[in-house]
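Number of protein chains: 2
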Amino acid sequence: MDHPDCPDQRHQNCRVMNEVLTRVGDRWSVQIVYALSRGTMRFNELKRELGISQRMLSESLRDLERDGLIARRHFATIPPRVEYELTDLGRTFQEPVMALAKWALDHQTCIEANRRSFAEAETGHGAEALAGEQASPNRA
Amino acid sequence: MDHPDCPDQRHQNCRVMNEVLTRVGDRWSVQIVYALSRGTMRFNELKRELGISQRMLSESLRDLERDGLIARRHFATIPPRVEYELTDLGRTFQEPVMALAKWALDHQTCIEANRRSFAEAETGHGAEALAGEQASPNRA
DNA sequence: CTGTATCCATATCGATACTG
DNA sequence: CAGTATCGATATGGATACAG
Chain B
1 MDHPDCPDQR
11 HQNCRVMNEV
21 LTRVGDRWSV
31 QIVYALSRGT
41 MRFNELKREL
51 GISQRMLSES
61 LRDLERDGLI
71 ARRHFATIPP
81 RVEYELTDLG
91 RTFQEPVMAL
101 AKWALDHQTC
111 IEANRRSFAE
121 AETGHGAEAL
131 AGEQASPNRA
Chain W
1 MDHPDCPDQR
11 HQNCRVMNEV
21 LTRVGDRWSV
31 QIVYALSRGT
41 MRFNELKREL
51 GISQRMLSES
61 LRDLERDGLI
71 ARRHFATIPP
81 RVEYELTDLG
91 RTFQEPVMAL
101 AKWALDHQTC
111 IEANRRSFAE
121 AETGHGAEAL
131 AGEQASPNRA
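If you read the sequences in order, they're chains B and W.
Residue numbers for the first sequence follow full-length UniProt numbering, so the first one is 1 and each next one is one higher.
Residue numbers for the second sequence follow full-length UniProt numbering, so the first one is 1 and each next one is one higher.
As structure tokens, then:
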């Protein structure tokens with residue numbers, strides 16, 4: 001992470017990033033971790049909260065449990081009751097995710113503005129060939 | 001981000017997170033930003049570096065430019081030359097991404113161990129019906 | 001070299017139905 | 001309630017061919 005000079009290191013970092021994103025990029029997993037950060041929740045509670053389908057929820061839950069980010073407690077009552085909660089590992093994961101969320105929150109206005117002006121530039125004068133110097137379109 | 005008490009706020013945060021992940025969860029975009037953090041790069045340079053297809057590269061590049069994270073410089077020479085570089089906004093984005101990468105790096109061993117023991121637990125004794133109390137399968 | 005367009009395989013995801 | 005199984009629509013992404 002510290003010496004981007006070495007090509008091997010670079011490539012290795014890329015690989016790792018790819019894996020994070022594969023695990024983390026999944027919209028649901030992150031939201032589950034986020035929802036669980038406030039405490040234990042049941043299956044249908046999560047389902048309602050996130051507006052996720054059963055399929056995706058149980059799938060994401062299984063992956064998260066497999067990776068050790070959440071713990072599952074099953075009570076053999078009638079009706080059955082299953083509770084999910086964050087493990088210690090899951091809690092450490094919250095931090096970088098929150099950092100990401102914060103970035104998104106801080107810059108979403110800026111990004112939306114960029115997106116709008118980009119769209120305008122295309123439809124507006126048809127001179128997209130200039131392609132020159134619209135760098136650093138900083139926050140509104 | 002600070003008062004998870006209010007349900008509206010909660011839901012709002014979820015929405016934002018979803019948007020980040022939609023933009024960021026894309027494996028290629030993050031890697032492009034990462035590659036570009038060392039300086040300007042050309043199209044084929046990125047292509048070789050990341051092992052990405054032309055289609056995905058130009059698509060990701062366009063999205064990134066549209067969002068204002070990267071700037072594109074086009075030189076009408078022969079052969080044509082196009083250079084990409086991070087904008088200021090793009091550079092601010094690096095930080096949370098790096099935090100995420102760091103987390104992955106720090107915990108990948110742990111996660112892989114969890115994953116292995118989870119797989120073993122399933123194939124090992126065939127008694128997946130116990131389903132009882134295998135919570136907190138913490139690090140090896 | 002820098003792309004765009006097309007085709008095709010696969011992955012993702014929701015809806016639905018069914019089980020314990 | 002807490003899942004699993006199946007189906008079908010859509011998104012994703014690579015390979016290839018072609019254009020400026």
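Don't be surprised by glycine CBs; every beta carbon is placed ideally from N, CA and C.
Item, Value
"Taking the Cβ atom as the reference point for each residue, do residue 85(B) and residue 36(B) lie within a distance shorter than 9 Å?", "yes"
"Cβ closer than 7 Å: which chain W residues qualify as neighbours of residue 93(B)?", "103"
"Rounded to whole angstroms, what's the CA-CA distance from residue 91(W) to residue 80(B)? Just pull it up for me.", "49 Å"
"With a threshold of 6 Å on Cβ separation, who are the neighbours of residue 108(B) within its own chain once the five nearest residues in sequence on each side are excluded?", "none"
"Give the DSSP-derived three-state secondary structure of residue 27(W) in the structure shown.", "helix"
"By how many angstroms is the C-alpha of residue 102(B) removed from the C-alpha of residue 15(W)?", "12 Å"
"Going by C-alpha to C-alpha distance, which of 27(B), 77(B), 99(B) sits closest to residue 53(B)?", "27(B)"
"DSSP three-state call for residue 76(B): helix, strand or coil?", "coil"
"Please state whether the Cβ-Cβ distance between residue 61(B) and residue 43(B) is less than 9 Å.", "yes"
"Confirm, please, whether the CB-CB distance from residue 111(B) to residue 25(W) is below 9 Å.", "no"
"Let me know if residue 66(B) comes out buried or exposed under the rule of 16 or more other beta-carbons within 10 Å of its beta-carbon.", "buried"
"Could you say which of 12(B), 32(B), 104(B), 45(B) lies nearest to residue 49(W) if we only look at CA atoms?", "12(B)"
"Take residue 32(W) as the anchor and find which of 20(W), 17(W), 71(W) has the nearest alpha-carbon.", "71(W)"
"I'd like to know whether the C-beta atoms of residue 97(W) and residue 17(B) end up nearer to each other than 9 Å.", "yes"
"Does the beta carbon of residue 31(B) come closer than 9 Å to any beta carbon on chain W?", "yes"
"Which residue's Cα is closest to the Cα of residue 10(W): 10(B), 38(B), 22(B), 23(B)?", "38(B)"
"Would residue 123(W) count as contacting chain B if we go by Cβ distances under 9 Å?", "no"
"Would DSSP call residue 10(W) helix, strand or coil?", "helix"
"For residue 82(W), I'd like the list of residues in its chain whose CB is within less than 8 Å of its CB, leaving aside the five on either flank, ordered along the chain.", "42, 43, 72, 73, 74, 75"
"Can residue 20(W) and residue 104(B) be called in contact, C-beta distance under 9 Å?", "yes"
"Taking residue 84(W) as the query, report the chain B residues whose CB atoms sit under 9 Å from its CB, ordered along the chain.", "The contacting residues do not exist; residue 84(W) stays about 11 Å from chain B at best."
"Any beta-carbon of chain W closer than 9 Å to the one on residue 96(B)?", "yes"
"First and last residue of the beta strand (DSSP E) that includes residue 81(B)?", "81-86"
"Listing by chain order, which chain B residues have their CB less than 7 Å from the CB of residue 81(W)?", "Under the 7 Å cutoff, chain B gives no residues; its nearest Cβ is about 12 Å from residue 81(W)."
"Could you compute how far the alpha carbon of residue 45(B) sits from the alpha carbon of residue 34(B)?", "14 Å"
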